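These notes are about the structure you will find just below.
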Ligand code: F6P
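In the numbering used here, the protein residues as written are 794 to 1347.
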């Protein structure tokens, strides 16, 4: 069992593979990408991989064949493949919560057999998908009616973290596949402004709320759901709880919590504790998305996920794209002291993609003890950030080009614009893609002082106009943005995060770091109301609370 394997491991930074990589890094020194490209005219062709529809170009990475070989040796020595196989088999590799990690089962074909505690979970997965599909069709087709008999025109997903970011991101990504006559909105923030803005122009009689919460105890979600229920019942002229059955459904693992809230468990779409919140939008948590894009497109997306799952599970190390991306992140974190990783999509539809990845990556790998609780003495997960590329070019790219930090970046783009783009806008796509290609070129090769001077730039300005280059990027290019391609992209990042967690020997599937703030907020809330207990707070927080109470006239 993997827990035993993890416990027995030599600390990562004391393995011979780590030492070999350190030595290799020293030898690489300041070798410039210009030199690496000059030395190998085939580099741009050789350093590419394909997975499904995704063409992955990693030629502009600060690596050589030897780097890749050494990194793969590290992966072998740290048991990445063994842990991967244990995950796919349904072993309880989330060792602090003693849970299996089986988001891959959510997209397994109907005839697959994947067991947790001796039970095949695949039939239940498909039963829920079928139930979701039937419900989605009813809402889309207008057969599902609200309390007053009106058809549903607006769907509001109430959830937070993994119960929000995935469907909210995917809804944006797949906008051109959505039923445009249905308004789908997402509420996550406990700031009442979020719900206020989401419902202020909606008709309660035409609104369906989806309460999405794995645990059904998350305070933000339950608070917003209660407020939404009040808004609905008031808006329906004081209707009773029977209206709730027509306007509220729940997505959860906690049937008891759902029933306590007053939602009929017949209107609950189930998932399981072996689905992590940040790995859940292809479970019942994707119901809002399925209503928006329809069951067929949703299943296409699942097939895209599954394609990359199979690739990750079976492709040899030299062709394994998630393995490669994971190893590159380890390389920069450990040997270039990179603290951050940028994901820069050149598609407006991917505007929420990086925010989604922030939870996926940072909640998974933002850890500082190994699986057996020993403090790590190596870098773990990076700060993940980024927004759509061209906007970033006019904001923070200055730092990427001329700043002092190492920020490896992924560039994601699509050859074709979406099918329903207004014909008059199609021509803009070449300009978008020209920027996409130009930026990785500028980041990699820069502009030397000699090149700048040769343009007649005055000597004193030459240093300011010089681009050092040598900034590593990966380019991911697909023909077009389809539901399947979205599934492929998300699975690619899920498994990349997995690879890194396996190498760093951390539990990528728990999230204890979110707990302390929740406990303290619960303690502070009554102090805000009554002032009692303020003296137990530290002096800074006590001062802030006193000021807040004064500003609120308490
Ligand atoms: O507090 C963090 C977290 O537990 C995330 O891991 C999770 O995605 C989110 O809260 C929402 O949790 P739930 O789906 O149980 O409401």
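Think of the CB as a built atom: it goes at the ideal place given N, C-alpha and C, for glycine as much as any other residue. Bear in mind the structure is a predicted one, so any value in this text is a computation, not a measurement.
With contact defined as three or more Cβ pairs closer than 8 Å, the segment 891-898 and the segment 1063-1072 are in contact. In terms of CA proximity to residue 1013, 1311 leads the group 1052, 891, 1311, 824. Our two residues, residue 1212 and residue 969, have alpha carbons roughly 8 Å apart in a direct line. Residue 1009 and residue 1316 have their C-alpha atoms some 20 Å from each other. The straight-line gap separating the alpha-carbon atoms of residue 976 and residue 947 is approximately 4 Å. For residue 953, the distance from the CB to the nearest heavy atom of the ligand F6P is below 7 Å. Close CB contacts of residue 913 within its chain, under the 8 Å cut and outside five residues either way in sequence, are with 906, 907 (chain order).
When DSSP states are grouped into helix, strand and coil, residue 1272 belongs to the coil group. With 16 or more other CB atoms across the displayed protein chains lying within 10 angstroms of its CB, residue 1288 is buried. Put simply, the segment 1216-1226 does not touch the segment 1236-1251. Fewer than three CB pairs are less than 8 Å apart. Apart from the 5 residues on each side of it in sequence, residue 812 has no Cβ closer than 6 Å to any other Cβ in its chain.
For residue 1206, the beta-bridge partners assigned by DSSP are 1270. In the DSSP assignment, residue 976 falls within the beta strand (DSSP E) that extends over 976-980.
Secondary structure at residue 843: strand, using DSSP grouped into helix, strand and coil. Residue 841 and residue 1118 have their C-alpha atoms some 12 Å from each other. For residue 1160, the CB stays at least 7 Å from every heavy atom of the ligand F6P. Counting C-beta pairs closer than 8 Å gives three or more between the segment 1258-1268 and the segment 814-828, which meets the contact rule.
By DSSP's assignment, residue 1260 forms a beta bridge with 1240.
A distance below 6 Å between beta-carbons, with the five flanking residues on each side excluded, links residue 1076 to the following residues of its chain, in chain order: 899, 1064, 1068. Using a C-beta cut-off of 8 Å, the segment 804-818 makes contact with the segment 860-873, since at least three inter-stretch Cβ pairs fall below that distance.
With a threshold of 7 Å, the Cβ atom of residue 936 does not count as near the ligand F6P, since no heavy atom of the ligand is closer than that. Residue 956 carries a helical assignment under DSSP once its states are collapsed to helix, strand and coil. Short of 7 Å from the beta carbon of residue 1150, and not among the five residues preceding or following it, lie these beta carbons of its own chain, in chain order: 1136, 1177, 1286.
Relative to the ligand F6P, residue 1304 has its C-beta within less than 7 Å of a heavy atom.
Spatial neighbours of residue 945 in its own chain (CB-CB distance under 8 Å, excluding positions within 5 residues in sequence) are listed in chain order as 932, 935, 937, 938, 939, 975, 999, 1000, 1001.
With 16 or more other Cβ atoms inside 10 Å of its own Cβ, residue 1073 counts as buried. By the criterion of at least three beta-carbon pairs nearer than 8 Å, the segment 1165-1183 is in contact with the segment 1138-1154. Note that the C-beta distance between residue 1236 and residue 1187 is not below 8 Å. About 6 Å separates the Cβ atoms of residue 1226 and residue 1206, confirming a contact at the 8 Å cut-off. Between residue 1158 and residue 1276, the alpha-carbon positions lie close to 27 Å from each other.
Proximity to residue 879 across 1172, 1295, 1328 peaks at 1295, based on C-alpha coordinates. Taking the C-beta atoms as reference points, residue 1081 is found nearer than 8 Å to residue 1003. Following the DSSP letters along the chain, one finds residue 1084 inside the alpha helix (DSSP H) bounded by residues 1080-1086. One alpha carbon belongs to residue 882, the other to residue 892, and they sit about 12 Å apart.
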